[in-house]
Amino acid sequence: AQKITQTQPGMFVQEKEAVTLDCTYDTSDQSYGLFWYKQPSSGEMIFLIYQGSYDEQNATEGRYSLNFQKARKSANLVISASQLGDSAMYFCAMRGPGGKLTFGQGTILTVHP
Amino acid sequence: KAGVTQTPRYLIKTRGQQVTLSCSPISGHRSVSWYQQTPGQGLQFLFEYFSETQRNKGNFPGRFSGRQFSNSRSEMNVSTLELGDSALYLCASSLGEGLYVYGYTFGSGTRLTVV
Chain X
1 AQKITQTQPG MFVQEKEAVT LDCTYDTSDQ SYGLFWYKQP SSGEMIFLIY QGSYDEQNAT
61 EGRYSLNFQK ARKSANLVIS ASQLGDSAMY FCAMRGPGGK LTFGQGTILT VHP
Chain Z
1001 KAGVTQTPRY LIKTRGQQVT LSCSPISGHR SVSWYQQTPG QGLQFLFEYF SETQRNKGNF
1061 PGRFSGRQFS NSRSEMNVST LELGDSALYL CASSLGEGLY VYGYTFGSGT RLTVV
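Chains as they are written, first to last, in this note's numbering: chain X, 1 to 113; chain Z, 1001 to 1115.
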């Protein structure tokens, strides 16, 4: 069985600063994918970044980077230069061989001006 | 290109009724999966369809069913609604299936309220 753990229910960050959202995972599969999604209050899930289990380099997408530490089973999201529009719920998710996504409980990020 | 379209956006139903939700994936995407999101249980996988075949099913009662049509559009049906079925139902489409998925695009969801 796969499990995703996000230990930070809420995080606060000052505008223009960087923030790290934690995610640890558990799986016995060798091949898997890790995703981060942003969910604003409107409800839509917005894809941010993807990391494959065999990717040797950390994924980056603009201001988003994924700090992938396979041995520690962690996949933390780093948001650089936070903006007010980054305030939202953030979910870490894992895709296993079957294609199903398993989500963590989420972290609410609040960006202060 | 158009994103994933879910209809309706909001729905209010009475206990015991049934409901059908619709999801139109991104053009060319053949895989559609459904998720239920509630404050208590978070996001939970319902089922996944690829080329009209159900490939994977979550741990939900048989009242929850779905199907996919030849144009990849998918419908989800919930019969004999219970209060606990009140949730945001999200649909996601992807180009590939299983291991060969590197991104899922979600719709805006259907918010179902059962009274």
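Glycine included, each C-beta is placed from N, C-alpha and C at the ideal position.
None of the values given here were measured: they were computed from a predicted structure.
In the same chain as L1095 of chain Z, and ignoring 5 residues on each side of it, the C-beta atoms closer than 6 Å to its own belong to H1029, in chain order. Identification of chain X residues near R1055 of chain Z by a Cβ-Cβ cut-off of 8 Å yields G98 and G99, ordered along the chain. Contacts between E1048 of chain Z and chain X, judged by CB atoms closer than 7 Å, involve G99 and K100 in chain order.
By the neighbour-count criterion, in which 16 or more other beta carbons inside 10 Å mark a residue as buried, R95 of chain X falls on the buried side.
A contact between stretches requires three or more CB pairs, one per stretch, nearer than 8 Å, and the segment 34–50 of chain X meets this requirement with the segment 86–101 of chain X. Exposure of S41 of chain X is indicated by the presence of fewer than 16 other C-beta atoms within 10 angstroms of its C-beta.
Taking C-alpha positions only, S1065 of chain Z is separated from L1021 of chain Z by approximately 11 Å. Within the segment 40–51 of chain X, those residues whose Cβ lies closer than 9 Å to any Cβ of chain Z are, in chain order, S42, G43, E44, M45, I46, F47 and Y50.
Your pair K1013 of chain Z and L1112 of chain Z checks out as a contact, with CB atoms roughly 7 Å apart and the cut at 8 Å. At a cut-off of 8 Å between beta-carbon atoms, G10 of chain X makes no contact with chain Z. Taking C-beta separations shorter than 6 Å and ignoring five residues to either side along the sequence, the partners of K16 of chain X in its chain run A81, following chain order.
The criterion of a C-beta distance shorter than 8 Å is not satisfied by L84 of chain X and L21 of chain X.
As DSSP reads the structure, H112 of chain X sits in a beta bridge with X:Q14.
DSSP places D1085 of chain Z within a helical segment (H, G or I) once states are collapsed to three. By the neighbour-count definition (other C-beta atoms within 10 Å, threshold 16), P1008 of chain Z is an exposed residue. Counting of Cβ neighbours within 10 angstroms places F1069 of chain Z among the exposed residues, the total staying below 16. Annotation for V1019 of chain Z: the continuous beta strand (DSSP E) segment containing it runs V1019 to S1024.
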